[in-house]
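Asker: Residue numbers (my numbering): 856 to 910.
Yeah, the Cβ is synthetic: ideal placement off N, Cα and C, and Gly gets one too.
No experiment lies behind these values; they were computed from the predicted model shown.
My questions all concern the structure below.
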């Protein structure tokens with residue numbers, strides 16, 4: 856059993872460390888400007904449904 860454990864550690868511990876280095880780091884803002892939603896001109900105006908709450 857110890858021989859098998861040593862075999863696994865020798866052969867597979869190197870593969871894991873090499874895979875971790877090849878993972879690319881994510882960059883923030885890479886999709887900025889890709890998704891543009893068409894918003895109406897009065898988007899920021901207060902809604903009539905909430906007039907009584909805003910008083």
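Tell me the rounded alpha-carbon separation between residue 884 and residue 858.
Answerer: Roughly 49 angstroms between the two C-alpha positions.
Asker: Rounded to the nearest angstrom, what separates residue 898 and residue 867 at their Cα positions?
Answerer: Computed Cα separation, rounded: 57 angstroms.
Asker: Can you give me the C-alpha to C-alpha distance between residue 895 and residue 902, rounded to a whole angstrom?
Answerer: Each residue's alpha carbon lies about 13 angstroms from the other.
Asker: DSSP on residue 857, reduced to helix/strand/coil?
Answerer: Helix, per DSSP.
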